[in-house]
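A.B. asks:
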Amino acid sequence: MRVLVVEDYEPVRSALAQGLSEADYEVEMAGDGETGEWMALSGSFDVIVLDLMLPKQDGLSILQKLRGQGSDSQVIALTAKDTIEDRIHGLDLGADDYLTKPFDFGELLARVRALLRRKYQEHNPVITIADLAVDTVRRRVERAGRAIELTAREYALLEYLAMRVGEVVTRSDIWDHVYSFYDDAQSNVVDVYIGYLRRKIESPGLPKLIHTRRGHGYVLGEIVT
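With numbering that gives the first Met the number 0 applied, the sequence shown corresponds to residues 0 to 224, in that order.
So this is what it looks like as structure tokens:
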């Protein structure tokens with residue numbers, strides 16, 4: 000799951016990014032409203048942690064534009080203001096939750112998880128492809144009833160392919176969505192992790208699920224013609 004943190008105070012921004020990364024979320028950051036707005040509107044984020052008091056562009060304006068363009072990202076608004084009127088205004092503009100500074104990181108993490116559960120209640124959070132099950136909320140994977148242990152990077156790749164099951168997903172799409180934010184990612188990281196995934200989910204005797212479309216990318220599915 001991808002999280003965008005838009006916060007101008009660097010110590011808070013870095014602490015949130017570190018904590019969320021340690022909880023196995025893919026995190027990107029913005030330090031001002033202008034950058035945050037561009038990233039929020041051009042990226043695909045499951046959750047956006049949005050400070051409302053930002054330089055260059057305030058958080059409420061970003062929130063209004065997000066909802067105006069139909070974004071379904073879950074938004075947690077952060078603010079130093081704690082009046083009922085401020086909360087109502089933020090929620091009316093489309094915030095899904097509200098936290099007043101200072102707050103405990105454990106509470107923020109719990110709210111992120113709660114928002115993701117709520118988001119995926121509208122759809123089955125478990126994506127099934129043949130006998131492969133990917134639980135996008137609990138971040139668990141099973142094949143033929145057997146649990147498969149994946150690293151955070153392996154899981155991120157499988158989840159992205161599963162969310163686009165049956166579609167050809169290009170290497171550049173995978174790079175942009177899954178691996179571009181890793182400082183140590185190499186140019187061949189997509190092919191390397193496809194190989195790791197295949198070894199883990201395509202055990203001998205089980206049908207092949209990850210298919211290569213040479214010159215295009217990869218398809219996750221039971222049968223590809």
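Ideal placement from N, C-alpha and C gives every residue a C-beta, glycine not left out.
Here the structure is a predicted model, which is why all the values come from computation and not from measurement.
What are the start and end residues of the alpha helix (DSSP H) that includes Y192?
C.D. replies: V188 to I200 is the extent of the alpha helix (DSSP H) around Y192.
A.B. asks: Just to confirm, are V46 and I75 a CB contact at a threshold of 8 Å?
C.D. replies: Contact flag set, yes.
A.B. asks: Let me know the alpha helix (DSSP H) ranges lying completely inside the stretch 71-145, each 4 residues or longer, listed in chain order.
C.D. replies: Complete alpha helix (DSSP H) runs here, min 4: 83-91 and 104-120.
A.B. asks: In the structure shown, what three-state DSSP assignment does L208 receive?
C.D. replies: L208: coil per DSSP, three-state reduction.
A.B. asks: Identify every run of the beta strand (DSSP E) within the stretch 143-175, keeping only runs that are complete inside it and at least 3 residues long; order them along the chain.
C.D. replies: Listed in chain order, the complete beta strand (DSSP E) runs (minimum 3 residues) inside the stretch 143-175 are 145-147.
A.B. asks: Going by C-alpha to C-alpha distance, which of D50, E33 and M0 sits closest to Y8?
C.D. replies: Among D50, E33 and M0, the Cα nearest to that of Y8 is on D50.
A.B. asks: Would you call the CB atoms of L115 and A94 closer than 8 Å?
C.D. replies: Not in contact: L115 and A94 (Cβ atoms no closer than 8 Å).
A.B. asks: Taking buried to mean at least 16 other C-beta atoms within 10 Å of its own C-beta, is D23 buried or exposed?
C.D. replies: Exposed, because fewer than 16 other Cβ atoms sit within 10 Å of the Cβ of D23.
A.B. asks: Along the chain, where does the beta strand (DSSP E) that runs through L219 open and close?
C.D. replies: G216 to L219 is the span of the beta strand (DSSP E), which, as asked, contains L219.
A.B. asks: Run through DSSP, which three-state label would E21 get?
C.D. replies: The answer is helix: DSSP assigns E21 an H, G or I state.
A.B. asks: Answer with buried or exposed for V26, where buried requires no fewer than 16 other C-beta atoms within 10 angstroms of its C-beta.
C.D. replies: So V26 counts as buried.
A.B. asks: Compare the Cα-Cα distances from L108 to each of E21, P206 and L208 and report the closest residue.
C.D. replies: When only C-alpha atoms are compared, the closest one is E21.
A.B. asks: Compute the Euclidean distance between the alpha carbons of D31 and R138, then round it to the nearest angstrom.
C.D. replies: Spanning the two alpha carbons is a distance of roughly 31 Å.
A.B. asks: Nearest by alpha-carbon distance to Y159: which of E148, W174, R145 and S70 is it?
C.D. replies: Ranking E148, W174, R145 and S70 by Cα distance to Y159 puts W174 first.
A.B. asks: Candidates L59, P10, D103 and Q17: which alpha carbon is nearest E33's?
C.D. replies: Nearest option by C-alpha distance: L59.
A.B. asks: So, under 8 Å CB-CB, V164 and I128 are touching, yes? Tell me the CB distance rounded to an integer number of Å.
C.D. replies: Right, their Cβ atoms sit about 6 Å apart.
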